[in-house]
Amino acid sequence: MLSSNLSRMTLPETVLYTPAVPNKDALPIAWCYPAPRNVAMSSLGYLALFRQLDEAPTVNPTRVYGDTVETFDPRGVAMMGFSFSFELDGPEILRMLDACGVPLYQAQRGDAEPLIFAGGPVTMTNAEPFADFFDFFLIGEGEEVLMECVAAIQQLSASSLSRQEKLRYLAANIAGCYVPSMYTVAYHGPEAGVATINPLYDDVPATVTKRMLSAAQMQNTIASSPILSDDSVFGNTFLVEVMRGCSHRCRFCMASYAMLPARGSSAATILNTIDAGLTHTHKIGLLGALIADHPEFDAICDGLHQRMDKRDADGGDPIRLNAAALRVDRITERIVTTFMRGGQQQLTLAIESGSERLRQRINKHLKQDKIFDAMETVSKAGLKGIKFYGMVGLPDETDDDVQATIDLLAEIKAQHPKLKLVFGCSSFVPKGGTPFQWMPRTARGDIKRRFAMLEKGLKPKGKLIAEFRPSSAKWDEVQAVFSRGDRRLAPLVERFYRHGGSVGSLKRADKELREEGVAEYPPLDWIIHQPLAQADTLPWQHISLGISHDILWEESGITL
95 MLSSNLSRMT LPETVLYTPA VPNKDALPIA WCYPAPRNVA MSSLGYLALF RQLDEAPTVN
155 PTRVYGDTVE TFDPRGVAMM GFSFSFELDG PEILRMLDAC GVPLYQAQRG DAEPLIFAGG
215 PVTMTNAEPF ADFFDFFLIG EGEEVLMECV AAIQQLSASS LSRQEKLRYL AANIAGCYVP
275 SMYTVAYHGP EAGVATINPL YDDVPATVTK RMLSAAQMQN TIASSPILSD DSVFGNTFLV
335 EVMRGCSHRC RFCMASYAML PARGSSAATI LNTIDAGLTH THKIGLLGAL IADHPEFDAI
395 CDGLHQRMDK RDADGGDPIR LNAAALRVDR ITERIVTTFM RGGQQQLTLA IESGSERLRQ
455 RINKHLKQDK IFDAMETVSK AGLKGIKFYG MVGLPDETDD DVQATIDLLA EIKAQHPKLK
515 LVFGCSSFVP KGGTPFQWMP RTARGDIKRR FAMLEKGLKP KGKLIAEFRP SSAKWDEVQA
575 VFSRGDRRLA PLVERFYRHG GSVGSLKRAD KELREEGVAE YPPLDWIIHQ PLAQADTLPW
635 QHISLGISHD ILWEESGITL
């Protein structure tokens, strides 16, 4: 097994912290990312938690990526942790386990095999289709719960407890640690949903509640790049977390509900952190669901201008800025000029739809006049382009709502003909823990037709209004299978992986399992398109993100 020190010596990167020297009895942990190294090195969450492990003398961590796993030997490793951000990471995680010889199913592993766990958005919203492959999941923010689990495993490693006894200890004693094998699930029938979810033992909680850093903790706690690498996707960019979570609570948005409440560090802490990054690189990335919602964002912009002034006076490389999507009604001249000076010629704005009626339905309280005001601001500032994010297939959407998006973009183009417009559009996928978790996915024919409406409407008679960049509706549908499914999908997940993990692989896997008579899960169309009722037991109902199902149902706006 490679040590973390050897990894750092042989990889082209700059470490911005001082790793601890592992104790002789330090716990060996593999910290895994289900993608190539250049992608992993751009994941702030993955690297920030690796730093937490690497600064602990009781831990000896090794980073493992999708393109290095074949050279990784898991023998002697106590734990393998995975970043699990997207449902479609699941097949790659199985491939990585297979590649290094770890049995895929939790029930097939013996006491000598490492404990396999994961943290990230999928584990908080619906990990049930993948439950049979993991020993445990971290529910909430890793900074809060990861080291408690590590300490517990270290303490138990010297005991004679079996693998399952150790897992029971975690489930019973570590808040935010979800051990799927400690729960039994019953179903209404082979073509119906979940009936009950119950813990196997009295000391295992019936509901696992997420662990989060408090607002007070966040004031002086900030996630920033602990390692820089030239060959990462963002190319030596120092990433800084400005805001965590979002207070606007759009009803479809997993990032908003899973990360509530919205929190951020102080402007002074953020700027001091940026200063530390600027000693190593001139590229800064500001991350967060809604960075401009930071209560001191104007002060952050002022501080960035001061640092740009100083860099210009000193003759250094000009500071370059990148940012996550901004909210349209937060756009100001100060914000636009800050990012333009940082080299940005295009800003990304999320509007979801050009229909004000539909935006109200999804709880995105964004007025039409605010959109036009923002376009006036960016146009006067000299910005060259805007990329809008939108969505089709939202609950209660009609063709008129899609036409409203076309009309809005056409009016913006008419008012600002020099502004290059891009419209990136995905299709709605229901997510657990949100008010729209009960909603079905819109029929594939309607999704396809509305994409076609947008493509035609945004380029009428060859005249380009906005470049249309749709997501893959087929992949969105695959994602929906796993976002709404339950544990019975485990054989489908495995077969999907073994057939290559393509869109066609899922249909092929489903067909084979049904022909073999081993598909115990409902039809895929039922999983995707079946509306759920308030009284239904949801597959992820035993995971609490801190908001009751009654409140989520009320916020959903569903009328019976």
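The sequence shown begins at 95 in my numbering and counts up by one. For every residue, glycine included, the Cβ atom is placed at its ideal position computed from N, Cα and C.
Restricting attention to 148, 106, 220, 107, the CA atom closest to the CA of residue 117 is found in 148. Taking C-beta atoms as the reference points, residue 384 and residue 337 count as a pair closer than 7 Å. In the assembly as shown, residue 536 is a buried residue. Its beta-carbon has 16 or more other beta-carbons within 10 Å.
Counting other Cβ atoms within 10 Å of its Cβ, residue 366 stays below 16 and is therefore classed as exposed. For the pair residue 375 and residue 452, the CB atoms are not nearer than the 7 Å cut-off. Of all alpha-carbon atoms in 429, 446, 445, the one lying nearest the alpha-carbon of residue 438 is that of 429.
By the 16-neighbour rule on beta-carbons within 10 angstroms, residue 119 is exposed. Contact annotation, residue 427 with residue 492: C-beta distance approximately 36 Å; criterion of less than 8 Å not satisfied. Contact annotation: residue 530 and residue 346 have beta-carbon atoms nearer than 7 Å. With fewer than 16 other beta carbons inside 10 angstroms of its own, residue 278 counts as exposed.
Under the DSSP assignment, residue 174 falls in the beta strand (DSSP E) whose first and last residues are 173 to 177. Residue 269 and residue 512 have their C-alpha atoms spaced approximately 54 Å apart. The segment 601 to 608 makes no contact with the segment 207 to 221; the number of CB pairs closer than 8 Å stays below 3. In the DSSP secondary-structure assignment, residue 333 is bridged to 379. With respect to residue 612, residue 223 sits apart: the two C-beta atoms are not nearer than 7 Å. With 16 or more neighbouring CB atoms inside 10 Å of its own CB, residue 507 falls in the buried class. Bridge pairing for residue 444: 421, 483 [DSSP]. With contacts defined by Cβ atoms closer than 7 Å, residue 210 and residue 128 do not form a contacting pair.
By the Cβ neighbour-count rule, residue 153 is buried, with 16 or more other Cβ atoms within 10 Å of its own. Taking the C-beta atoms as reference points, residue 580 is found nearer than 7 Å to residue 288. One alpha carbon belongs to residue 324, the other to residue 108, and they sit about 9 Å apart. Spanning the alpha carbons of residue 174 and residue 195 requires a straight line of approximately 13 Å.
Secondary structure note for residue 127: it is in no alpha helix (DSSP H), and the uninterrupted beta strand (DSSP E) holding it is 121 to 127.
In the DSSP assignment, residue 432 falls within the alpha helix (DSSP H) that extends over 427 to 435. Residue state for residue 346 is assigned as coil, using DSSP reduced to three classes.
Rounded to the nearest angstrom, the Cβ distance from residue 650 to residue 570 is 20 Å, too far for a contact under 8 Å. Inclusion of residue 465 and residue 515 in the CB contact set at 7 Å is not warranted, their separation being larger than that value.
The alpha-carbon separation between residue 334 and residue 391 amounts to approximately 14 Å. As summarised for the segment 192 to 260, the continuous alpha helix (DSSP H) elements at least 4 residues long and confined to that stretch are 215 to 219, 236 to 251, given in chain order. In chain order, 285 place their CB closer than 6 Å to the CB of residue 616, counting only its own chain and leaving out the 5 sequence neighbours on each side. One thing to note: residue 294 has its Cβ within 7 Å of the Cβ of residue 276. In this structure, 379 is the residue among 407, 431, 379 with its C-alpha nearest to the C-alpha of residue 414. Around the C-beta of residue 575, 16 or more other C-beta atoms lie within 10 Å, and the residue is accordingly described as buried.
Cβ neighbours of residue 538 within its own chain (closer than 8 Å, five residues either side excluded): 567, 571.
Taking a C-beta distance under 7 Å as the contact criterion, residue 303 and residue 638 qualify as a contact pair. The straight-line gap separating the alpha-carbon atoms of residue 602 and residue 653 is approximately 37 Å.
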